[in-house]
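The structure appears below as structure tokens.
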């Protein structure tokens, strides 16, 4: 089999980085997943844009090498002696990108640069990262297909392991996280008349899991109310709501030194079970209403509720 062109090989490498970002994000128990997603997604964009520049440069790798100031010589790494490539910001400026894509990538970069230093993120921040990340995945897939004819072969084209939209006020947020939200919100507001219908800065995500749909449901990834629906399989629903009651209790004992499985906990669990972001009832036979059922929990969403009632383990 003939070796693929350099730009195609780079585009496939970029796609692999994106899939790694999605896979990490879709693990509900990984607390650092937003930061990891932003890091890998930024890397994926950098490789894809440099692949595009190599393509526009007739396959010459020198297209993305950085020259010394006022010289035709290339800058080289002092340790390896290899040529240094241009930065991501330079690649963004050199590739003709829609304004929506530029703003979206900038939001992901801001998340990568800042979120790593902000500790555990509040739901309001997670919500913004989800919207930027979802749009970024879709923008990436479209451009990869348009430029290189490459498709992303994955069961999920979008991150689905989220806890739902946050409802608390910004006044409760740490200063750094509030500043990141302000930056992302400003990037999301493009001037009127600049909209490209094929691309997005952010996308809203709504999930509705219904027992009548073979144990699964549908996810609406939308810029507007007429957006198409994406099916969520039973396995995908269980990836979001994966913990049993016993699993939840075991995690609570690890997380809270003052935890007791008592009346107070049972009272809290009543509110958890009523929240569709926290709990999902799955029937053994979804087509029969009288079929026995078991409740499954999203640990991330549930801990958002329980953290205020217990002392966290340090």
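Residue numbers (my numbering): 52 to 365. For glycine and all other residues, C-beta sits at the position ideal for the given N, C-alpha and C.
{"query": "Spatial neighbours of residue 231 in its chain, beta-carbon cut-off 8 angstroms, leaving aside the 5 residues before and after", "result": "161, 162, 165, 166, 169, 176 and 179"}
{"query": "Residues of its chain near residue 133, where Cβ-Cβ distance is below 8 angstroms and the 5 sequence neighbours each way are ignored", "result": "127"}
{"query": "Those residues which DSSP pairs with residue 330 across a bridge", "result": "348"}
{"query": "Beta-carbon proximity of residue 182 to residue 253, cut-off 8 angstroms", "result": "yes"}
{"query": "Cβ separation of residue 187 and residue 92, assumed to be a contact under 8 angstroms, to the nearest whole Å", "result": "6 angstroms"}
{"query": "For residue 174, three-class secondary structure by DSSP", "result": "helix"}
{"query": "Reduced DSSP category for residue 53 - H, G, I as helix; E, B as strand; rest coil", "result": "coil"}
{"query": "Validate contact between the region 292–301 and the region 345–358 using beta carbons, cut 8 angstroms, 3 pairs", "result": "yes"}
{"query": "Ranges of the alpha helix (DSSP H) found wholly within the region 137–208, counting only runs of at least 4", "result": "139–145, 150–166 and 174–199"}
{"query": "Contact check, residue 63 vs residue 75, beta carbons under 8 angstroms", "result": "no"}
{"query": "For residue 329 and residue 303, the rounded distance between their alpha carbons", "result": "15 angstroms"}
{"query": "Distance between residue 293 and residue 267 (C-alpha atoms, nearest Å)", "result": "Confidence at residue 267 is low in this model, with a pLDDT of 44, below 50, so its placement is unreliable and no value can be given for it."}
{"query": "Where residue 68 falls: helix, strand or coil (DSSP)", "result": "helix"}
{"query": "Buried or exposed by the 16-neighbour rule on C-beta atoms within 10 Å, applied to residue 173", "result": "buried"}
{"query": "Exposed unless 16 or more other CB atoms sit within 10 angstroms - verdict on residue 113", "result": "exposed"}
{"query": "Nearest neighbour of residue 139, chosen from 118, 100 and 149 [CA to CA]", "result": "100"}
{"query": "Cut-off 7 angstroms between Cβ atoms - residues of its own chain near residue 68, not counting five sequence neighbours on either side", "result": "91, 94, 95 and 98"}
{"query": "Residue nearest to residue 82 in terms of C-alpha spacing, selected from 362, 359 and 355", "result": "355"}
{"query": "Option nearest residue 360 by Cα separation, candidates 326, 320 and 197", "result": "320"}
{"query": "Pick from 327, 77, 87 and 191 that is closest to residue 251, judged by C-alpha positions", "result": "191"}
{"query": "Residue nearest to residue 310 in terms of C-alpha spacing, selected from 141, 78, 249 and 364", "result": "364"}
{"query": "For residue 233 and residue 224, the rounded distance between their alpha carbons", "result": "12 angstroms"}
{"query": "Counted within 10 angstroms of its Cβ, other Cβ atoms place residue 131 as buried (16 or more) or exposed", "result": "exposed"}
{"query": "Where residue 237 falls, given that 16 or more other Cβ within 10 Å makes a residue buried", "result": "exposed"}
{"query": "Separation of residue 249 from residue 312, as counted between CA atoms", "result": "51 angstroms"}
{"query": "Own chain, CB closer than 7 angstroms to residue 324, minus 5 neighbours either side, in chain order", "result": "330 and 346"}
{"query": "Residue 130 (DSSP reduced to helix, strand or coil)", "result": "coil"}
{"query": "Contact belief for residue 58 with residue 110 at Cβ below 8 angstroms, rounded distance in angstroms", "result": "6 angstroms"}
{"query": "Segment limits, alpha helix (DSSP H) that includes residue 98", "result": "84–107"}
{"query": "Straight-line gap, residue 195 to residue 103 (C-alpha atoms, nearest Å)", "result": "9 angstroms"}
{"query": "Neighbourhood of residue 247 by C-beta, 6 angstroms cutoff - its chain only, sequence neighbours within 5 removed", "result": "149 and 151"}
{"query": "Span separating the alpha-carbon of residue 212 from that of residue 157", "result": "Caution applies to residue 212, whose pLDDT of 49 falls short of 50 and renders its modelled position unreliable; the model cannot decide the point."}
{"query": "Cα-Cα separation, residue 184 to residue 351", "result": "18 angstroms"}
{"query": "Contact under 8 angstroms by Cβ, residue 117 with residue 135", "result": "yes"}
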